[in-house]
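Count the sequence shown with our numbering and you get residues 685 to 1083, in order. Virtual Cβ for every residue (Gly too), placed ideally from N, Cα, C.
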Amino acid sequence: MKIAEQSNNPYQVNEKGYYGPYGGAFIPEMLYPNVEELRENYLKIMAEPSFQAEFEHLLKDYVGRPTPLYFAERLSEAFNTKVYLKREDLCHTGAHKVNNTIGQILLAKRLGKHKIVAETGAGQHGVATATVCALMGLECIVYMGEIDIERQAPNVARMKMLGAEVRPATSGSRTLKDATNEAMRHWINNPVDTHYIIGSVVGPHPYPDMVARFQSVISEEMRTQLAEKTGTELPDYVIACVGGGSNAAGAFYHFLNEESVKLVAVEAAGKGVSTGHSAATTFLGKPGVLHGSRSILMQTEDGQVVEPFSISAGLDYPGIGPMHANLATSGRGIFRAITDEESLAAGFQLAKLEGIIPALESAHALAALKTLTFNPDDVVIVNLSGRGDKDLSTYMKFL
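Structure representation (C-alpha coordinates):
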(Lines of atoms letter the chains of each structure in order from A and count residues from 1; the text may use other names and numbers.)
(Lines give C-alpha, C1' and ligand atoms only; values in the text may rest on other atoms or scores of the structure.)
Protein backbone atom coordinates (compact mmCIF):
# COMPACT_ATOMS: atom_id res chain seq x y z
CA MET A 1 0.00 0.00 0.00
CA LYS A 2 1.42 3.36 -1.00
CA ILE A 3 1.47 5.85 1.89
CA ALA A 4 1.08 9.19 0.14
CA GLU A 5 2.76 12.18 1.72
CA GLN A 6 0.63 15.03 3.04
CA SER A 7 1.09 17.78 0.51
CA ASN A 8 -0.17 21.10 -0.80
CA ASN A 9 -2.20 19.27 -3.43
CA PRO A 10 -5.63 20.95 -3.44
CA TYR A 11 -7.50 17.62 -3.33
CA GLN A 12 -5.50 15.97 -0.53
CA VAL A 13 -5.67 16.85 3.15
CA ASN A 14 -3.23 19.52 4.36
CA GLU A 15 -1.16 19.39 7.54
CA LYS A 16 -3.98 21.07 9.49
CA GLY A 17 -6.54 18.45 8.47
CA TYR A 18 -8.39 20.45 5.83
CA TYR A 19 -9.42 19.78 2.24
CA GLY A 20 -9.73 23.34 0.99
CA PRO A 21 -12.29 24.95 3.33
CA TYR A 22 -13.55 21.61 4.69
CA GLY A 23 -12.35 19.25 7.39
CA GLY A 24 -10.73 20.04 10.73
CA ALA A 25 -11.58 18.60 14.15
CA PHE A 26 -14.58 20.11 15.95
CA ILE A 27 -14.75 17.91 19.02
CA PRO A 28 -15.70 17.94 22.72
CA GLU A 29 -12.79 18.54 25.08
CA MET A 30 -13.06 14.97 26.45
CA LEU A 31 -12.27 13.53 23.02
CA TYR A 32 -9.27 15.75 22.39
CA PRO A 33 -6.68 13.32 23.87
CA ASN A 34 -7.98 10.41 21.74
CA VAL A 35 -8.15 12.36 18.50
CA GLU A 36 -4.78 13.99 19.15
CA GLU A 37 -3.23 10.59 19.89
CA LEU A 38 -4.52 9.33 16.56
CA ARG A 39 -3.37 12.43 14.69
CA GLU A 40 0.12 12.24 16.10
CA ASN A 41 0.57 8.53 15.41
CA TYR A 42 -1.50 7.31 12.44
CA LEU A 43 0.96 8.15 9.66
CA LYS A 44 3.96 6.90 11.64
CA ILE A 45 2.23 3.60 12.46
CA MET A 46 0.95 3.12 8.89
CA ALA A 47 4.48 3.64 7.55
CA GLU A 48 6.04 1.00 9.83
CA PRO A 49 7.27 -2.03 7.81
CA SER A 50 5.66 -4.42 10.32
CA PHE A 51 2.29 -2.67 9.95
CA GLN A 52 2.58 -2.69 6.16
CA ALA A 53 3.45 -6.39 6.12
CA GLU A 54 0.57 -7.39 8.42
CA PHE A 55 -1.95 -5.18 6.59
CA GLU A 56 -0.97 -6.50 3.15
CA HIS A 57 -0.93 -10.11 4.40
CA LEU A 58 -4.49 -9.80 5.75
CA LEU A 59 -5.75 -8.01 2.63
CA LYS A 60 -4.36 -10.81 0.47
CA ASP A 61 -5.04 -13.96 2.49
CA TYR A 62 -8.07 -12.93 4.57
CA VAL A 63 -9.95 -10.36 2.48
CA GLY A 64 -9.07 -11.91 -0.89
CA ARG A 65 -7.36 -8.95 -2.55
CA PRO A 66 -6.70 -7.92 -5.20
CA THR A 67 -10.37 -7.85 -6.20
CA PRO A 68 -10.95 -8.35 -9.95
CA LEU A 69 -11.37 -5.53 -12.46
CA TYR A 70 -14.04 -7.14 -14.61
CA PHE A 71 -14.91 -6.08 -18.17
CA ALA A 72 -18.72 -6.15 -18.24
CA GLU A 73 -19.30 -7.00 -21.90
CA ARG A 74 -23.09 -6.98 -22.00
CA LEU A 75 -23.35 -3.86 -19.84
CA SER A 76 -20.80 -2.19 -22.13
CA GLU A 77 -22.96 -3.03 -25.15
CA ALA A 78 -25.98 -1.47 -23.43
CA PHE A 79 -24.14 1.85 -23.00
CA ASN A 80 -21.99 1.67 -26.15
CA THR A 81 -18.75 2.14 -24.22
CA LYS A 82 -16.24 0.07 -22.23
CA VAL A 83 -17.48 -0.55 -18.71
CA TYR A 84 -15.29 -2.23 -16.10
CA LEU A 85 -16.50 -3.19 -12.64
CA LYS A 86 -14.12 -3.05 -9.68
CA ARG A 87 -15.43 -6.06 -7.76
CA GLU A 88 -15.33 -4.90 -4.13
CA ASP A 89 -18.44 -7.05 -3.68
CA LEU A 90 -16.08 -10.04 -3.74
CA CYS A 91 -14.21 -8.93 -0.60
CA HIS A 92 -14.68 -11.07 2.50
CA THR A 93 -17.82 -9.70 4.27
CA GLY A 94 -19.26 -8.56 0.92
CA ALA A 95 -18.07 -4.97 0.60
CA HIS A 96 -15.13 -2.60 0.59
CA LYS A 97 -15.62 -1.75 4.28
CA VAL A 98 -13.23 -4.48 5.48
CA ASN A 99 -10.23 -2.72 3.90
CA ASN A 100 -10.63 0.07 6.46
CA THR A 101 -11.60 -2.04 9.47
CA ILE A 102 -8.51 -4.21 9.10
CA GLY A 103 -6.32 -1.11 8.91
CA GLN A 104 -7.96 0.52 11.92
CA ILE A 105 -7.95 -2.63 14.09
CA LEU A 106 -4.20 -3.02 13.52
CA LEU A 107 -3.72 0.65 14.41
CA ALA A 108 -5.92 0.34 17.53
CA LYS A 109 -3.89 -2.63 18.78
CA ARG A 110 -0.66 -0.66 18.38
CA LEU A 111 -2.23 2.16 20.42
CA GLY A 112 -3.09 -0.28 23.21
CA LYS A 113 -6.89 -0.18 22.76
CA HIS A 114 -8.78 -3.42 23.50
CA LYS A 115 -12.40 -2.33 23.00
CA ILE A 116 -13.96 -1.23 19.72
CA VAL A 117 -17.05 0.85 19.00
CA ALA A 118 -18.51 1.51 15.55
CA GLU A 119 -21.57 2.88 13.77
CA THR A 120 -23.28 1.33 10.77
CA GLY A 121 -26.05 2.12 8.30
CA ALA A 122 -26.41 -0.67 5.77
CA GLY A 123 -24.65 -2.97 8.21
CA GLN A 124 -21.63 -3.62 5.97
CA HIS A 125 -19.28 -1.57 8.15
CA GLY A 126 -20.76 -3.16 11.26
CA VAL A 127 -20.19 -6.64 9.85
CA ALA A 128 -16.65 -5.72 8.79
CA THR A 129 -15.90 -4.32 12.26
CA ALA A 130 -17.40 -7.35 14.02
CA THR A 131 -15.38 -9.59 11.71
CA VAL A 132 -12.00 -8.05 12.52
CA CYS A 133 -12.83 -7.87 16.23
CA ALA A 134 -13.54 -11.61 16.16
CA LEU A 135 -10.30 -12.14 14.26
CA MET A 136 -8.29 -10.18 16.84
CA GLY A 137 -10.26 -11.15 19.95
CA LEU A 138 -11.45 -7.64 20.83
CA GLU A 139 -14.76 -6.56 22.39
CA CYS A 140 -17.10 -4.97 19.82
CA ILE A 141 -20.16 -2.72 20.17
CA VAL A 142 -21.96 -1.54 17.02
CA TYR A 143 -24.60 1.21 17.02
CA MET A 144 -27.24 0.96 14.30
CA GLY A 145 -30.39 2.97 13.66
CA GLU A 146 -33.60 1.21 14.69
CA ILE A 147 -35.01 1.53 11.15
CA ASP A 148 -31.80 0.15 9.62
CA ILE A 149 -31.91 -2.81 12.03
CA GLU A 150 -35.30 -3.67 10.54
CA ARG A 151 -34.37 -3.24 6.86
CA GLN A 152 -30.91 -4.85 7.11
CA ALA A 153 -31.80 -7.88 9.25
CA PRO A 154 -29.31 -10.30 7.60
CA ASN A 155 -26.39 -8.07 8.54
CA VAL A 156 -27.66 -7.71 12.12
CA ALA A 157 -27.69 -11.49 12.41
CA ARG A 158 -24.16 -11.69 11.02
CA MET A 159 -22.85 -9.14 13.53
CA LYS A 160 -24.40 -11.03 16.44
CA MET A 161 -23.03 -14.37 15.19
CA LEU A 162 -19.58 -12.77 15.04
CA GLY A 163 -19.86 -11.84 18.71
CA ALA A 164 -20.68 -8.13 18.47
CA GLU A 165 -23.29 -6.36 20.57
CA VAL A 166 -25.69 -4.41 18.33
CA ARG A 167 -27.22 -1.41 20.07
CA PRO A 168 -30.18 0.40 18.46
CA ALA A 169 -30.18 4.16 17.96
CA THR A 170 -33.74 5.22 18.74
CA SER A 171 -33.55 9.01 18.38
CA GLY A 172 -34.07 11.28 15.36
CA SER A 173 -34.55 9.47 12.07
CA ARG A 174 -33.21 6.25 13.69
CA THR A 175 -30.75 5.79 10.82
CA LEU A 176 -27.02 6.29 10.17
CA LYS A 177 -26.75 9.87 11.48
CA ASP A 178 -28.22 8.81 14.81
CA ALA A 179 -26.06 5.69 15.04
CA THR A 180 -23.02 7.93 14.56
CA ASN A 181 -24.23 10.24 17.33
CA GLU A 182 -24.58 7.31 19.72
CA ALA A 183 -21.18 5.83 18.83
CA MET A 184 -19.52 9.20 19.45
CA ARG A 185 -21.28 9.52 22.83
CA HIS A 186 -20.03 6.06 23.76
CA TRP A 187 -16.47 7.02 22.83
CA ILE A 188 -16.70 10.22 24.89
CA ASN A 189 -17.71 8.13 27.92
CA ASN A 190 -15.00 5.49 27.34
CA PRO A 191 -11.99 7.42 26.05
CA VAL A 192 -9.13 5.44 27.60
CA ASP A 193 -9.58 1.82 26.48
CA THR A 194 -11.82 2.22 23.40
CA HIS A 195 -11.05 2.97 19.74
CA TYR A 196 -13.85 4.26 17.52
CA ILE A 197 -13.67 2.70 14.06
CA ILE A 198 -15.46 5.24 11.87
CA GLY A 199 -16.62 3.56 8.69
CA SER A 200 -16.52 6.45 6.26
CA VAL A 201 -14.45 9.50 5.34
CA VAL A 202 -16.29 11.61 7.91
CA GLY A 203 -15.59 12.72 11.46
CA PRO A 204 -12.77 14.80 12.93
CA HIS A 205 -9.29 14.81 11.39
CA PRO A 206 -7.47 12.43 11.03
CA TYR A 207 -10.39 10.06 10.30
CA PRO A 208 -11.29 11.26 6.78
CA ASP A 209 -7.65 11.00 5.68
CA MET A 210 -6.97 7.75 7.54
CA VAL A 211 -10.02 5.98 6.10
CA ALA A 212 -9.24 7.27 2.59
CA ARG A 213 -5.68 5.93 2.84
CA PHE A 214 -6.87 2.47 3.93
CA GLN A 215 -9.42 2.43 1.09
CA SER A 216 -6.91 3.75 -1.46
CA VAL A 217 -5.88 0.15 -2.15
CA ILE A 218 -8.94 0.15 -4.48
CA SER A 219 -7.57 2.77 -6.90
CA GLU A 220 -4.01 1.49 -6.49
CA GLU A 221 -5.20 -1.89 -7.82
CA MET A 222 -7.34 -0.23 -10.51
CA ARG A 223 -4.30 1.45 -12.04
CA THR A 224 -2.23 -1.74 -12.15
CA GLN A 225 -5.10 -3.89 -13.42
CA LEU A 226 -6.18 -1.42 -16.09
CA ALA A 227 -2.61 -1.17 -17.40
CA GLU A 228 -2.53 -4.96 -17.74
CA LYS A 229 -5.84 -5.00 -19.64
CA THR A 230 -5.58 -1.86 -21.80
CA GLY A 231 -1.98 -0.65 -21.73
CA THR A 232 -2.83 2.52 -19.77
CA GLU A 233 -3.31 3.12 -16.05
CA LEU A 234 -5.80 5.93 -16.56
CA PRO A 235 -9.50 5.40 -17.30
CA ASP A 236 -11.69 8.16 -18.69
CA TYR A 237 -14.22 7.90 -15.83
CA VAL A 238 -14.33 6.49 -12.32
CA ILE A 239 -17.85 6.27 -10.89
CA ALA A 240 -18.71 5.55 -7.25
CA CYS A 241 -21.65 6.08 -4.90
CA VAL A 242 -21.29 8.54 -2.02
CA GLY A 243 -23.00 8.60 1.35
CA GLY A 244 -20.20 9.64 3.65
CA GLY A 245 -17.98 8.53 0.81
CA SER A 246 -15.40 5.88 1.77
CA ASN A 247 -15.66 3.65 -1.30
CA ALA A 248 -15.54 6.72 -3.55
CA ALA A 249 -12.54 8.10 -1.65
CA GLY A 250 -10.73 4.81 -2.21
CA ALA A 251 -11.72 4.63 -5.88
CA PHE A 252 -10.71 8.25 -6.56
CA TYR A 253 -7.58 8.45 -4.37
CA HIS A 254 -4.82 7.60 -6.85
CA PHE A 255 -6.55 9.56 -9.63
CA LEU A 256 -7.04 12.86 -7.77
CA ASN A 257 -4.05 14.47 -9.50
CA GLU A 258 -4.93 13.01 -12.92
CA GLU A 259 -7.12 15.76 -14.34
CA SER A 260 -7.89 13.67 -17.46
CA VAL A 261 -9.78 11.17 -15.26
CA LYS A 262 -13.34 12.31 -14.58
CA LEU A 263 -14.41 11.47 -11.04
CA VAL A 264 -18.17 10.89 -10.77
CA ALA A 265 -19.69 10.86 -7.27
CA VAL A 266 -23.26 9.57 -7.06
CA GLU A 267 -25.57 10.59 -4.23
CA ALA A 268 -29.00 9.28 -3.27
CA ALA A 269 -31.86 11.47 -4.50
CA GLY A 270 -34.41 9.31 -2.63
CA LYS A 271 -37.87 10.13 -3.97
CA GLY A 272 -36.41 13.12 -5.84
CA VAL A 273 -34.06 15.97 -5.01
CA SER A 274 -36.88 18.49 -4.52
CA THR A 275 -39.39 16.20 -2.76
CA GLY A 276 -38.16 16.67 0.81
CA HIS A 277 -37.30 12.95 0.87
CA SER A 278 -33.71 12.92 -0.34
CA ALA A 279 -30.08 12.47 0.71
CA ALA A 280 -28.50 14.47 -2.13
CA THR A 281 -26.22 16.50 0.12
CA THR A 282 -24.28 18.51 -2.44
CA PHE A 283 -27.50 19.53 -4.21
CA LEU A 284 -29.41 20.44 -1.05
CA GLY A 285 -26.79 21.22 1.56
CA LYS A 286 -24.59 24.09 2.64
CA PRO A 287 -21.39 24.34 4.71
CA GLY A 288 -21.64 23.45 8.38
CA VAL A 289 -20.24 21.15 11.06
CA LEU A 290 -21.45 17.57 11.48
CA HIS A 291 -19.87 14.75 13.48
CA GLY A 292 -16.64 16.60 14.11
CA SER A 293 -15.71 18.15 10.76
CA ARG A 294 -16.70 21.10 8.60
CA SER A 295 -18.31 19.90 5.42
CA ILE A 296 -21.52 20.22 3.40
CA LEU A 297 -24.69 19.01 5.08
CA MET A 298 -28.43 19.29 4.70
CA GLN A 299 -29.70 21.78 7.27
CA THR A 300 -32.48 24.23 8.03
CA GLU A 301 -32.04 28.01 7.99
CA ASP A 302 -31.20 27.94 11.71
CA GLY A 303 -28.66 25.13 11.29
CA GLN A 304 -30.67 22.09 12.38
CA VAL A 305 -29.83 18.89 10.50
CA VAL A 306 -32.46 17.88 7.92
CA GLU A 307 -33.34 14.20 8.06
CA PRO A 308 -32.16 12.36 4.94
CA PHE A 309 -34.12 9.75 2.98
CA SER A 310 -32.98 6.91 0.73
CA ILE A 311 -33.97 3.36 -0.07
CA SER A 312 -30.29 2.60 0.53
CA ALA A 313 -29.31 2.49 4.22
CA GLY A 314 -25.65 3.15 3.41
CA LEU A 315 -26.41 6.41 1.56
CA ASP A 316 -29.04 7.63 4.05
CA TYR A 317 -26.81 10.34 5.56
CA PRO A 318 -27.34 14.13 5.70
CA GLY A 319 -23.71 15.07 5.08
CA ILE A 320 -20.70 14.15 2.99
CA GLY A 321 -17.03 13.69 3.80
CA PRO A 322 -14.83 16.82 3.60
CA MET A 323 -12.75 15.36 0.74
CA HIS A 324 -15.91 15.04 -1.35
CA ALA A 325 -17.24 18.44 -0.29
CA ASN A 326 -14.01 19.93 -1.66
CA LEU A 327 -14.28 17.90 -4.88
CA ALA A 328 -17.83 19.22 -5.30
CA THR A 329 -17.16 22.91 -4.72
CA SER A 330 -13.80 22.95 -6.55
CA GLY A 331 -15.36 21.36 -9.63
CA ARG A 332 -12.90 18.43 -9.64
CA GLY A 333 -15.74 15.99 -9.02
CA ILE A 334 -18.87 15.47 -11.15
CA PHE A 335 -21.85 14.94 -8.84
CA ARG A 336 -25.05 13.11 -9.75
CA ALA A 337 -28.23 12.40 -7.75
CA ILE A 338 -30.03 9.11 -8.42
CA THR A 339 -33.55 8.28 -7.21
CA ASP A 340 -34.67 5.09 -5.50
CA GLU A 341 -36.46 3.99 -8.68
CA GLU A 342 -33.42 4.59 -10.87
CA SER A 343 -31.15 2.65 -8.52
CA LEU A 344 -33.54 -0.31 -8.39
CA ALA A 345 -33.71 -0.38 -12.20
CA ALA A 346 -29.91 -0.34 -12.42
CA GLY A 347 -29.65 -3.17 -9.88
CA PHE A 348 -32.04 -5.35 -11.85
CA GLN A 349 -30.25 -4.46 -15.09
CA LEU A 350 -26.86 -5.61 -13.78
CA ALA A 351 -28.37 -8.82 -12.41
CA LYS A 352 -29.98 -9.68 -15.77
CA LEU A 353 -27.07 -8.60 -17.99
CA GLU A 354 -24.07 -9.78 -15.98
CA GLY A 355 -25.34 -12.21 -13.36
CA ILE A 356 -24.23 -9.90 -10.52
CA ILE A 357 -26.65 -8.60 -7.88
CA PRO A 358 -25.27 -5.31 -6.52
CA ALA A 359 -25.89 -3.65 -3.20
CA LEU A 360 -28.42 -0.82 -3.50
CA GLU A 361 -25.59 1.60 -2.72
CA SER A 362 -23.60 0.31 -5.72
CA ALA A 363 -26.75 0.32 -7.85
CA HIS A 364 -26.83 4.11 -7.48
CA ALA A 365 -23.37 4.29 -9.08
CA LEU A 366 -24.49 2.00 -11.90
CA ALA A 367 -27.57 4.17 -12.52
CA ALA A 368 -25.32 7.17 -13.15
CA LEU A 369 -24.21 5.54 -16.43
CA LYS A 370 -27.50 6.74 -17.94
CA THR A 371 -26.76 10.35 -16.95
CA LEU A 372 -23.41 10.60 -18.77
CA THR A 373 -22.48 10.74 -22.45
CA PHE A 374 -19.69 8.36 -23.46
CA ASN A 375 -17.63 7.72 -26.56
CA PRO A 376 -17.40 4.09 -27.70
CA ASP A 377 -13.69 3.98 -26.80
CA ASP A 378 -14.07 5.53 -23.34
CA VAL A 379 -12.92 3.37 -20.43
CA VAL A 380 -15.37 3.64 -17.54
CA ILE A 381 -14.77 2.03 -14.15
CA VAL A 382 -17.72 1.63 -11.79
CA ASN A 383 -16.75 0.77 -8.23
CA LEU A 384 -19.07 -2.08 -7.31
CA SER A 385 -18.75 -1.40 -3.60
CA GLY A 386 -20.92 -4.22 -2.23
CA ARG A 387 -23.04 -7.23 -3.04
CA GLY A 388 -26.81 -7.27 -2.87
CA ASP A 389 -27.56 -10.18 -0.53
CA LYS A 390 -28.43 -7.74 2.26
CA ASP A 391 -30.93 -5.93 0.00
CA LEU A 392 -32.81 -8.92 -1.44
CA SER A 393 -35.93 -8.26 0.63
CA THR A 394 -36.07 -4.71 -0.78
CA TYR A 395 -35.46 -5.87 -4.36
CA MET A 396 -38.16 -8.55 -3.98
CA LYS A 397 -40.81 -5.91 -3.25
CA PHE A 398 -40.31 -4.57 -6.78
CA LEU A 399 -40.18 -7.81 -8.73
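Distance from the CA of Val945 to the CA of Phe939, rounded to the nearest whole angstrom, comes to 7 Å. Secondary structure note for Cys817: its alpha helix (DSSP H) is the uninterrupted segment 808-820.
When DSSP states are grouped into helix, strand and coil, Tyr695 belongs to the coil group. DSSP assignment within the segment 908-981 yields the following whole alpha helix (DSSP H) runs of 4 residues or more, N-terminal first: 930-936, 965-968. According to the DSSP assignment, Met730 belongs to the alpha helix (DSSP H) that extends over 716-731. By the Cβ-count criterion, Phe1082 is exposed, with fewer than 16 other Cβ atoms from all chains shown falling within 10 Å of its own Cβ. The shortest CA-to-CA distance from Thr804 to any of Met982, Ile881, Val816 is the one to Ile881.
The segment 1024-1032 makes no contact with the segment 899-917; the number of CB pairs closer than 8 Å stays below 3. For Asn783, the enclosing alpha helix (DSSP H) has its first and last residue at 781-794. A distance of 8 Å or more separates the beta carbons of Val826 and Val782. Annotation: His870 is outside any beta strand (DSSP E); the continuous alpha helix (DSSP H) that includes it extends over 860-873. Rounded to the nearest whole angstrom, the CA to CA distance from Lys766 to Asp877 is 49 Å.
A distance below 7 Å between beta-carbons, with the five flanking residues on each side excluded, links Tyr891 to the following residues of its chain, in chain order: Ile882. Ranked by Cα distance from Leu753, the options Thr777, Glu772, Ala762, Glu761 are led by Glu772. For Val801 against Pro919, the beta-carbon gap comes to about 37 Å, at or over 8 Å, which does not count as contact. Taking every protein chain shown into account, the CB of Glu866 has 16 or more other CB atoms within 10 angstroms, so this residue is buried. Around the CB of Tyr716, fewer than 16 other CB atoms lie within 10 Å, so the residue is classed as exposed.
Taking the C-beta atoms as reference points, Asn931 is found no nearer than 8 Å to Asn839. Between Tyr706 and Pro888, the C-beta spacing is not below 8 Å. For Ala802, DSSP records a beta bridge to Val826, Ile881.
DSSP, reduced to helix, strand and coil, places Ala1051 within a helical segment of the structure shown. Only residues of its own chain outside the window of five on either side were considered, and among them Tyr706, Gly708 have a CB closer than 6 Å to the CB of Arg978, listed in chain order.
In summary, Gly701 is buried, with 16 or more beta-carbon neighbours lying within 10 Å of its beta-carbon over all protein chains present. One alpha carbon belongs to Glu761, the other to Tyr768, and they sit about 12 Å apart. In this chain, the alpha helix (DSSP H) harbouring Lys1036 covers 1024-1038. In the DSSP assignment, Leu769 falls within the beta strand (DSSP E) that extends over 766-771. Contact check between the segment 991-1003 and the segment 960-975: three or more CB pairs, one atom from each, fall below 8 Å, which counts as touching.
With contact defined as three or more Cβ pairs closer than 8 Å, the segment 785-794 and the segment 1067-1077 are not in contact.
For the set Ser857, Ala1049, Met868, the Cα lying nearest the Cα of Val922 is the one of Ala1049. Here DSSP, grouped into helix, strand and coil, assigns Tyr1001 to coil. Its Cα nearest to that of Val697, the residue His1008 stands out among Pro1042, His1008, Ser1046.
Going by C-alpha positions, Pro852 is about 48 Å away from Pro1060.
Around the beta carbon of Gly1015, fewer than 16 other beta carbons sit within 10 angstroms, so the residue counts as exposed. Considering only Gly829, Ile831, Lys799, the residue with the shortest C-alpha distance to Met820 is Lys799.
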